[in-house]
Structures are given as C-alpha cells and as structure tokens.
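All remarks here apply to the structure that follows.
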Amino acid sequence: MNQLPHLAEIFDGLRRGWHFVPEESEAAAALAAEFPKYQELFAALGFNLVCHERDFFYLDPADRDQAEGLAGKIAAVAFILVDHLANEGRAIEQSILNDRFLLGQLPHLTRDSYAALLRQVEVHDASDLRQVFRAMQRFGWAEMNEAEEVRFRRPFCRVFTQCLALAEQAAARKEAADA
Amino acid sequence: MRVPPKPFLDFCARHVPLLRALAAETEWTEPALLDAAIRHRDEGDEQPDRTVRRMIDLRVVVYSEPGADTFELAEPLRRLLDYIFDEAMPTTPEVIQGYVASLGTVSQRLERALKDEDAVTAALALQEVNDTLRRIHRDTEETRARILIEVALFKTTRRQFTVRDKFQRIVHWMQRYVEPMGDIIRVDGEMEAAFGETARVLRLAHESALTPEAVAVREMRLLRVVEKFALRVFQQCRRELQPLYESLRRASLIAEGAALALARLQKDGADGWVRASAPGFALLRFHHAPTNAAFALAFERLAEGPPAAPPTVQRPASGMEPEGKRRRAWLDSVLTAAEAEAPLDDTLDWLTSRHPDRSTTEVLAGFTRLFFHSRFRASFHETSSRLYRTADGELRAHPVALQTKAK
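Which chain is which? The protein sequence lines are A and B, in order. The numbering used here applies: residue 1 is where the first sequence begins, and numbers increase by one. The numbering used here applies: residue 180 is where the second sequence begins, and numbers increase by one.
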C-alpha cells in the first residue's frame, strides 16, 4: 500500500501518546528521515503529526478532551518542578534534562502550596504521584527505575515550549492593556 | 560641618568589618544600624548604641536625603573602601558622556588658544585633555572589572537567587551600563565625534610652535589608545553578559510561564485549566474494531460458503413439555380457580386439599402468587396456627382468608 517503513509501529506508538526521539529506535529514525511523508499520510487520516523544535515527534490531539484528566496531572507535576527549580535559582532546562530526581525527594507533596495545587488535579499522595510519573513514562517523557529515580527525556521540552507560550501570551495581553 | 580627621580615621580603623557591611547596602534605618553594630561588635568595644551615635556624629553615615529617616554610608568613605579593597566601581554612561562632552569643550578651548597664540591656556588645555582621557580610561577599566566580578560572582555564588532575580541582575548590568556605553562608543557615536574633533585640534597643536611637540604627540597617542580600549572593554563586557542574558531571559520566561499556569490552577481550579494551559496527549483507542484477519475471514466465508438454512430451536425428543412451562401453567390455573371460588376462608387449606400431589415448594409458590396478586385481598385469621400437609412435607401456618377486590 505504501513504502513508508515501520508505519504500523509508528502509528501504534503515536496513538498511545508515545513521543518518538530519532536516535532511540529505527522507527523513530525512519520517522525523522521521512517526516514530511509521514506527516502527509497522517494528515490525510485527520491526525496532526508534529515535529518539535527539539527534534522529537508526537501526535497533537485535535480534541483536547482526549486524556484531559491525565494531561492535567502531568502538567501540574511538570509545572511544579519547573517552579521549584526556578525558585532555587537552578538552570531549569539543564537540570531537568541532565539531572536525576528521586521521587521521594521531590517537593510536590512536601510543600503545602504544591500539595494543594496537586489536589486540584486529584493527585493526593505518593501513590498518585507515582502513577503520574508512570504515565509520563508511557508517553516517553521520563524514565523511572526500580529505585524510583526519574530521568526526564527530551520530549519533556514540550513543557518549556508551553511555558514560553504562556509567558508570551501574558506579555501580549499586558501590552494590549497598556496601549 | 568639618569632620575631625583623627577621630574619624580612628573610628574607621576600629570598625572596618562594620563599615564593609554598611557599604554592602544602599540604605539603613537606625534600628538596622544598631543591629549591624551589635553583629560586628568586638569584645571591649563601646556599646552598640554609642557606636551608632558616633557614626552619625562623625558623618560616617549620613541621611539618605534631607528630611529622611534612613542613612547611607558617606560616599567618599564608600569610594575609599573600594580603593582600599580594590573593589571596582562601575561608571555610569552619563559620567562617560560627561567626560566626552568635556573633551569637546576643552578641544574648543585649545583651538582658540592656538589661534590666539596663548601658550599658557594651550598648555592648560592640553593637560586637561590628558586628565580627561585618563579618567575615561580609568573609569572604563573599573566598569569592566566590576562587570567581570559580577559575572564571576554570579556564576559561583552559593547564595540562592531565583531565576527571575538572576535575570533582573543581568538585565540591570546590560541596560544600565553595557547598552548605553555601546551607544556612546559605537561608530558614528558621541565618542567617535568628540575624539575625532580632539584629534584634529591635537594635530593643529602638533603643527603649531606654541606647544611642545612631544606633548601633542603624547596626547594623540593616548587618544588612540583610549578609543580602542573603550571599544574593547565594551565588546568584552557584552561578550560576558550577552550569553547570560540570553539564557536567563529564556529561563525567566519559562519560570514565568509555569508560575502563570500554576496561579491559574489555584485561582480557577482544574475545570478548563488543561485546555488553556497544558500540553495535550493524543490517545486513540480502538473500540470494537475488527482486525484485518476478521475482515478476511468474513469475505472468505461470503465468497466460498454455500447458503444455509437459518438455525431452528431443537425440541426435546420425548415431546414432553418443559418443567418450567408446566409449572407456569399450573400457577395460572390456581389463579383462575381461586378467583372463581373466592372468597376462600383458608387459602393454604384450599391449595393443599385441591392439589395434594404438589410439593411444599409448589404449594408455597401458589400461595405467594395468590397472596400478592393485585386481584385479591388477603387477611390473617386471629386463630391459632394449623398444620397443612403437602406431597413432601408439612407446613404450620395461621390461616389466611382470600377475597377478590372490587373492580
């Protein structure tokens, strides 16, 4: 039917929310090599295949209601981590992409303000938090080993992109209000 | 008011750590001065409140502004400390602009003196050119040193600053010192114009017999050195600060975005928050979707299988009615018979005598059917209980009368 390699594997991964990083598998490398063709094929089926500026691939949901509950939990956990590192004056992107974090030492549940925010998205305790990181793992955002040591993968950069977009929107609103 | 030099210098010599602490901040209230005096008090020192009083009396600290109730370290003392501890003070672009403007003025004076053949004024003007160029050189060097110290401290300090604080500090240096300096010293900027004009006048001085040739040559050389030096300093400062500025700007925006998202979650709750603030995930689930193999089998059967008769329900070979059907028919008959013979004085007695072959279960099923049926009204007798025999047992119960309900 078509000559695109690893199509079934790529589609199966994408439909489960997996983020493909080119250097990590043959399928991902094939996706990177022929991205425009894959994008055209998926577009014909009504899917938006995205290549992030940091060189990884995922399906952007047209309907944001997909996995909304889970997306909210992941987003809250991610934003809290960024906020915590910023308050500590650490280099946010380098820390997240290069360091390892122990689940039990994250501030998400130990700091009251963060715990209150997580309750808003139904993350109440360490078990819920663990499930969120497992979900991140399923989507290819992070890896967590048996010692509950978390290493974030490049697709986590979507959080940075989102933060920049939110800051830019706020600046634009302020500029419009001041004008 | 004149400050007595010996008491002033003695005080400063005895309180160096305190003075350095005061130099670290721009403004102090009197209670804060007292705290600082307490913290830096040595054994045998005077009482802290007396130390504060003496600082004010000796003008070690002065009021921040007339009428204010805050103090600052006296500016000459601050500069002395910087000199002693070799801590460079950055020069503001306005000061450099002032030097550049002053160079323009003294060049005009020199040119006028050369024209008027006024040797004294020309010599003084040349000296002033030299002083101004040296001040530009010194202050530019101090600014460079200060910026490099700040960058080094910034990179190595263990003191915790938030990303936003760090960015603001770098922005301060960029916007307050580096960028305005760039405007002054850039090609076709103020400095180039002023230096060009000064160079022209110095050449006139060199050609004139009014001034010593060596002096004019020296000033021209110094002019070239200072011009190149200022440009080099600016470029170096920019090289040091620009990467920090770019990376911190991005980090600051990321931190701001995360803080905005979390603030929105706190204020508005989770409803709608994900759609507005969070990255989405595509999860496509298959629901009852046949596989390719199932499709293939269906088509194969359609193409190759002969038409077949529809399936039929198989009756039992004996031809006997199913047990459930027979039971249902009996219960219906009980209903019909009871309605025909009502009122019944004792329903259980009527059932067991009419159907002695029925088991206890069947009798009770019949009784229940009658007792709860909407066509009948059942009522208990106020008599003692009786024994009723069934095909496989006995029942002891109080008699229940049964009447049909009026339609």
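The beta-carbon is built from N, C-alpha and C at its ideal position, and this holds for glycine as well.
- Think of a sphere of 9 Å around the beta carbon of Gln445/B: the chain A residues whose beta carbon falls inside it are Ser113, Ala116, Leu117 and Gln120, in chain order.
- Chain A has no Cβ within less than 9 Å of the Cβ of Thr470/B.
- Trp529/B carries a helical assignment under DSSP once its states are collapsed to helix, strand and coil.
- Chain-order list of chain B residues neighbouring Ile10/A: empty, with the shortest C-beta distance near 13 Å, by a criterion of under 7 Å.
- Identification of chain B residues near Arg173/A by a Cβ-Cβ cut-off of 9 Å yields none; the smallest Cβ-Cβ distance measures about 11 Å.
- Across the structure, Leu7/A and Gly13/A are spaced so that their CA atoms are roughly 10 Å apart.
- Apart from the 5 residues on each side of it in sequence, Leu109/A sits with its Cβ closer than 6 Å to the Cβ of Ala115 in its chain, given in chain order.
- Between Thr583/B and Phe555/B a beta carbon distance of about 6 Å is seen, short of the 8 Å cut, so the two are scored as contacting.
- The residues Trp352, in chain order, have a CB closer than 7 Å to that of Glu329/B in the same chain once the five nearest residues on each side in sequence are set aside.
- Distance from His577/B to Ser564/B at the Cβ level is roughly 5 Å; contact confirmed, criterion being Cβ atoms closer than 8 Å.
- In chain order, Ile315, Thr319, Ile364 and Met370 place their CB closer than 7 Å to the CB of Ala409/B, counting only its own chain and leaving out the 5 sequence neighbours on each side.
- Counting of Cβ neighbours within 10 angstroms places Phe546/B among the buried residues, the total reaching 16 or more.
- Closest by C-alpha distance to Arg411/B, out of Met360/B, Phe346/B and Val492/B, is Met360/B.
- Within chain A, Ala75, Phe79, Gln162, Cys163 and Leu166 have C-beta atoms less than 8 Å from the C-beta of Ala440/B, given in sequence order.
- Chain-ordered listing is empty here: chain A has no CB closer than 7 Å to the CB of Trp509/B, the nearest sitting near 57 Å.
- In the displayed model, Thr249/B falls within a strand according to three-state DSSP.
- When the Cα atoms are used, Arg134/A and Leu102/A turn out to be separated by approximately 14 Å.
- Among the residues of the segment 529–557 of chain B, none has a Cβ less than 8 Å away from any Cβ of chain A.
- Around the beta carbon of Val579/B, 16 or more other beta carbons lie within 10 angstroms, which makes this residue buried.
- For Thr335/B, the nearest beta carbon of chain A is not closer than 9 Å to its own beta carbon.
- No Cβ of chain A is located within less than 9 Å of the beta carbon of Lys504/B.
- Ser456/B carries a helical assignment under DSSP once its states are collapsed to helix, strand and coil.
- The C-beta of Glu290/B has 16 or more other C-beta atoms within 10 Å across all chains shown, which makes the residue buried.
- Bridge partners of Asp571/B according to DSSP: none are assigned.
- With respect to chain B, the C-beta atom of Glu143/A has no partner C-beta closer than 9 Å.
- Pro501/B is the residue among Pro501/B, Ala487/B and Pro486/B whose C-alpha sits nearest the C-alpha of Gln493/B.
- Rounded to the nearest whole angstrom, the CA to CA distance from Leu510/B to Gly69/A is 55 Å.
- For Ala71/A, the chain B residues whose C-beta falls within less than 8 Å of its own C-beta are Val453, Ala457, Pro458, Gly459 and Phe460, listed in chain order.
- Closer than 9 Å to the CB of Ala430/B there is at least one CB belonging to chain A.
- Arg90/A carries a coil assignment under DSSP once its states are collapsed to helix, strand and coil.
- Between the segment 188–202 of chain B and the segment 215–234 of chain B, the count of Cβ pairs shorter than 8 Å is three or higher; the stretches touch.
- For Ser127/A, the secondary structure class from DSSP, reduced to helix, strand or coil, is helix.
- His194/B is classed as buried because its beta carbon has at least 16 other beta carbons within 10 Å across all chains shown.
- At a cut-off of 9 Å between beta carbons, Phe139/A contacts chain B.
- Contact residues of the segment 346–376 of chain B toward chain A are absent (C-beta to C-beta distance below 8 Å).
- The beta carbon of Ala373/B is closer than 7 Å to those of Val279, Leu282 and Gly283 in its chain, skipping five residues each way along the sequence.
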